[in-house]
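Residue numbers (this note's numbering): 4 to 640. Built from N, CA and C at the ideal position, the CB exists for glycine as well.
And the structure:
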């Protein structure tokens, strides 16, 4: 047994020696092959004395001031890259990762210039009006100057298209001497667009935040998150939830991108967001933002913006600046009033551009025509050139003034009428007031009542809330039927059809309640509604007028449409201070707290008793008499 034990020990030692020998041979073979491969690569370089790519990466790493975690990660990846064949697929992935890490501006900051007076001057030079928004921006910059940090809420500019949200962000970046970058989030529905893809995926890349920082080359730019309200959610995740970490000052100093696999400091980045509407936004995301509303412009503001900013800009772009071309004030007003209808000025700028393009075409055609006419008259080539040159010189000195008459020649007849209201009072047609993502608009409500079997029809692609408003309005009218002098049989023998043009556009919201109720009463009583009246407000089953939102945009739209009287809930009186004085001076505002006050003011009647009858339903006589007294006492005149 003892001999057998010794034999087993010797065999074990023999196996170990053989294994070690094989391992040494394998290591020597790998070392030899690696050295041979490097020698071959040097030969292929044709004697190039420049440092190898890996040496260059190592030099860049040493010069880069990055976090310890990132430094260790890159060092590890470079070591892995050294031991791999350049032809392998994984080496390409590692090389791409190392390049990304080394190209990021880890501690590269541009010197910020926080000059409050200078910022105010730049904002005033670049934007007309928007005083409240400018004041809030200056307050935000002042706090940053005092605290030397980016702490505080992220500003979110909300308003219809074309009111200057993006250009405001550019002006802020300019005033702070920060690089400006814009990230469009409209239609983004993949979380990886924000956080990046993991490196296990083919073609993986960092998210939009890290990509933008690489393009800026500085770690403290101003990044505009454009259209944050238009992000969507699907099986790939929720990008708006991924933004929560980015926009939270207490968390974004340790932002983690899936591709980088290390923490990245975003605390020095200034973020701004823009949106057209807040209704579709993620609630937790909205809580991290401070909303600044940019309202639509009135025609006077559009005129100043067009004259000071848009016309000079488009003259430069169209090459007409040196041709002494001008756009008359009357023509500019016509462009605003008859060729565009919007809350912002984007379409106005396009229309001005179109005007100058057509004028440029006329000028060039005239020059070539004159040159062609001068050509046969010249006896020699030198004389021909001199004549053409003189004529061209005269043309360049000629001034061109685009008048209202010339505008029609260039753009054709007016696209919009002077107002959008009806030419005469109509039965069952009431002007409602709507708020959309592009500003306010007039919303006509049509009701037709015809003999039938008591059907109640609603059309116009209305949402659930608006359908419920129609039902509530009809229930109110039926409950007040005796006061209107309506027989009970009329509901069983009459079909009531409510329609809201335009039928192809979805509509929703409770604020059309007053207009729907007025149209129903007008149709059943056969009393026209005043065409110069528009109204907005929610209605309860008892006829109370409840407050609504978006009043400023709605009133501006009514003013653009030629409305003279607007009826709004009494509780919205506080919102009237936001409406420009120029608009208020041309409108009569009627404040109501009950539908019956609306009917007396909106229907084409001289006496409330034409609406509220006293000769039917004797059991309601006392109530009617009391009701009419209330109306006469409380209706504003």
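Item, Value
"Cβ pair residue 160, residue 247 closer than 8 Å", "no"
"DSSP-derived helix/strand/coil call for residue 477", "helix"
"Length of the line joining the Cα atoms of residue 1 and residue 297", "The displayed coordinates of the chain run from 4 to 640. Any statement about residue 1 would go beyond what the structure contains."
"Own chain, CB closer than 7 Å to residue 96, minus 5 neighbours either side, in chain order", "202"
"Which listed residue (63, 596 and 471) has its alpha carbon closest to that of residue 573", "596"
"Rounded straight-line distance, which links the Cα of residue 231 to that of residue 148", "27 Å"
"Member of 228, 238 and 418 whose CA lies at the smallest distance from the CA of residue 351", "418"
"Alpha-carbon to alpha-carbon, residue 215 and residue 394", "Residue confidence is low: residue 394 scores 46 on pLDDT, short of 50, so the model does not pin down where it sits. No coordinate-derived value is stated."
"Three-way DSSP call (helix, strand, coil) for residue 307 in this model", "helix"
"From 205, 193, 192 and 117, residue whose alpha carbon lies closest to that of residue 92", "205"
"Meets three-Cβ-pair contact criterion under 8 Å: the region 224-244 and the region 176-187", "yes"
"Cα-Cα separation, residue 8 to residue 22", "21 Å"
"Close-in-space but distant-in-sequence residues of the same chain around residue 200 (CB under 7 Å, 5 per side omitted)", "207, 208, 261 and 262"
"Whole-angstrom C-beta distance between residue 568 and residue 535, which should lie under 8 Å", "6 Å"
"Range of the contiguous beta strand (DSSP E) that encloses residue 643", "With the chain covering only 4 through 640, there is no way to say anything about residue 643."
"Alpha helix (DSSP H) runs wholly inside the region 251-296, at least 4 long, in chain order", "286-290"
"Three-way DSSP call (helix, strand, coil) for residue 315 in this model", "helix"
"Status (buried if at least 16 other CB within 10 Å, exposed otherwise) for residue 104", "buried"
"Endpoints, beta strand (DSSP E) assigned at residue 644", "There is no way to answer for residue 644, as the model of the chain reaches only from 4 to 640."
"Opening and closing residue of the alpha helix (DSSP H) in which residue 449 lies", "Unbroken run through residue 449 is the beta strand (DSSP E), 442-454; no alpha helix (DSSP H)."
"Buried or exposed by the 16-neighbour rule on C-beta atoms within 10 Å, applied to residue 499", "buried"
"Beta strand (DSSP E) segment containing residue 405, residue limits", "403-405"
"Residue from 497, 550 and 602 with nearest C-alpha to residue 458", "497"
"For residue 300, the three-state DSSP class (helix, strand or coil)", "coil"
"Reference residue 136, options 111, 121, 166 and 107, closest by Cα", "166"
"In DSSP terms, what residue 159 is bridged to", "276 and 294"
"Segment contact, 8 Å Cβ cut-off, at least three pairs: the region 513-520 with the region 596-607", "yes"
"Exposure label - residue 307; buried when at least 16 CB within 10 Å", "exposed"
"Under the three-state DSSP convention, the category residue 433 falls into", "strand"
"Whole-number beta carbon distance between residue 177 and residue 125, since they are thought to touch under 8 Å", "6 Å"
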